[in-house]
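Chains as they are written, first to last, in my numbering: chain A, 1 to 222; chain B, 223 to 444.
Here you go:
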């Protein structure tokens, strides 16, 4: 089972396509910045081209070293296109805050975002499939794959798993407060940031739950 | 200023492309369901095709009647492509919960998602541009556009505004608890949903803030 982790020295993530054209000071091709954003996110928006037009689909995912893994039912069209090696663009966006300036035009959002270009590879090996699916479950609730019933061979056959090597990607980060024009600073308008966060509420057990089992804890702040 | 609201009777949002191929019971082409999801979301992931490959970019947006509005700096490549009428796919995803089943394979997420296909139109009219930008600001903090300094004519000229008519779209919604196989129901594994929500934390005023101004309230739960 080879996960082909790219050598960071050989794969600096930066290409003409991931070179930031605008607001370069917000950009990074640092692998650790990219990985941190991917690890914090829960949903990727995956774009492929079908019949000449774009399709953008939200998907769960997980990272193992230098690869991202996607999965779904074997009949899923987008996933089949990915498994066949269609060019993809995968974007993960974390919203951190609403930025309120004194002027309408300088309103903004604080965010951390990764845009990854590449092509997927269908995972055929059963052990690698198992490892990828466990990573997707553990990405949401750490340790969960050790508790839940593992996939059967027939469940694995019905599931398409796609590996996407992280070799061409950029991160973009906007942080801090509003940037108002000097002439606006004395306007009697509140300016600042409303921080935004994804939180977990109290777990809701299903109706046939055995009383002695305990709710697990997600990665999110409760 | 014409916003060309499509007649729902003539534009039922459903086309061969937005016909759901999988999990049809989760889908809807009801305009009110689509609009409610678009109005709750803060970030759209917008896909276009460039040089034969997909590009997926996170963008703020707002809806006015039957149109979505996007905006950005006049130099932004994706936005320029949208303004020129490139085919687009715009996806808004709201994550509602982490669904933990007794088996790894039945883990899932509760979400509400809109996938919209179409083409954008560059907004040239200054009054329509002003109305669109006000809607984007008010989408985040209701009433904010009446408080902030409005855009100047030169700020408007430097801003590209794109109108996307909502005529071809579908919503997909997953709710409720895990769906475990009957044979797994007696496993001593917690199963249920961890609800997830985007919340606003306490506002942080910027350092040169006039003391008498009061922080506004976003649409998010505080």
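Glycine included, each C-beta is placed from N, C-alpha and C at the ideal position.
Whose C-beta lies closer than 6 Å to the C-beta of residue 117(A) among residues of the same chain, with five residues either side of it excluded? 17, 89 and 168
Determine the extent of the alpha helix (DSSP H) in which residue 261(B) is found, giving its start and end residues. 253-262
For residue 313(B) and residue 300(B), believed in contact at Cβ under 8 Å, the rounded distance: With a Cβ gap of about 14 Å, residue 300(B) and residue 313(B) do not count as contacting.
Residue ranges of each beta strand (DSSP E) run of no fewer than 3 residues wholly in the stretch 413-444 of chain B, ordered along the chain? 414-422
Please give me, in chain order, every unbroken run of the alpha helix (DSSP H) with length at least 4 that falls completely inside the stretch 302-382 of chain B. 348-362 and 375-379
Is there a Cβ from chain A that is less than 7 Å from the Cβ of residue 425(B)? yes
On the premise that residue 400(B) lies in contact with residue 328(B), defined as a C-beta separation below 8 Å, what is that separation, rounded to the nearest angstrom? With 8 Å as the limit, residue 328(B) and residue 400(B) qualify as a contact, their Cβ atoms being about 6 Å apart.
Residues of its chain near residue 231(B), where Cβ-Cβ distance is below 6 Å and the 5 sequence neighbours each way are ignored: Below a pLDDT of 50, predicted positions are generally treated as unreliable, and residue 231(B), at 42, falls in that range; the measurement from the model is reported next regardless. Within the same chain, residue 231(B) has no close Cβ partners at all.
Give the DSSP bridge partners of residue 54(A), in chain order. 49(A)
So, residue 218(A) versus residue 320(B), is the Cβ gap smaller than 7 Å? yes
Using the DSSP secondary-structure output, state which residues sit across from residue 234(A) in a beta bridge. Because chain A in this structure spans residues 1 to 222, residue 234(A) falls outside the shown range and cannot be described.
Could you tell me whether the stretch 121-133 of chain A touches the stretch 40-59 of chain A, where touching means 3 or more Cβ pairs closer than 8 Å? no
How is the beta strand (DSSP E) around residue 395(B) delimited, first residue to last? 390-396
Could one say the Cβ of residue 215(A) lies closer than 7 Å to chain B's Cβ atoms, at least one of them? yes
Would you call residue 374(B) buried or exposed, if buried means 16 or more other Cβ atoms sit within 10 Å of its Cβ? exposed
Mark residue 62(A) as exposed unless 16 or more other C-beta atoms lie within 10 angstroms of its C-beta, in which case mark it buried. buried
7 Å Cβ cutoff, residue 237(B) in contact with chain A: no
Any C-beta of chain A under 7 Å from that of residue 391(B): no
Figure out for me which residue from 442(B), 267(B), 248(B) and 268(B) has the closest Cα to the Cα of residue 363(B). 442(B)
Mark residue 394(B) as exposed unless 16 or more other C-beta atoms lie within 10 angstroms of its C-beta, in which case mark it buried. Burial call: buried.
Interface flag, residue 377(B) vs chain A, CB-CB below 7 Å: yes
Quick one: measure Cβ to Cβ for residue 144(A) and residue 322(B), integer angstroms, because I've assumed they're closer than 8 Å. In this structure residue 144(A) touches residue 322(B) by the C-beta definition: roughly 7 Å separates them, less than 8 Å.
Below 6 Å CB to CB, which residues in the same chain sit around residue 256(B) once its five sequence neighbours on both sides are set aside? 336, 391 and 393
Are any of the Cβ atoms in chain B nearer than 7 Å to that of residue 91(A)? yes
Three-state secondary structure assigned by DSSP to residue 236(B): coil
Strictly under 7 Å for the Cβ-Cβ distance: is residue 173(A) near chain B by that measure? no
If you measure from the beta carbon of residue 37(A) to each beta carbon in chain B, is any gap under 7 Å? no
If we cut at 7 Å on Cβ distances, does residue 309(B) have a partner in chain A? Residue 309(B) counts as touching chain A.
Once the 5 residues before and after residue 237(B) are set aside, which same chain residues still bring their CB inside 7 Å of it? 390
Within the 7 Å Cβ cut-off, does residue 63(A) reach chain B? no
When Cβ atoms are compared, which residues of the stretch 323-334 of chain B fall closer than 9 Å to chain A? Hits within the stretch, in order: 323, 324, 325, 326, 327, 328, 329, 330, 331 and 333.
Whole-number beta carbon distance between residue 305(B) and residue 344(B), since they are thought to touch under 8 Å: Between residue 344(B) and residue 305(B), the beta carbon gap of about 4 Å places them in contact (Cβ cut-off 8 Å).
Three-state class that DSSP yields for residue 241(B) in the structure shown: Reduced to three states, the DSSP call for residue 241(B) is coil.
What does residue 367(B) touch in chain A if you count any residue whose Cβ is under 7 Å from its own? Per Cβ cutoff of 7 Å: 104.
Using DSSP's beta-bridge definition, name the partner residues of residue 72(A). 160(A)
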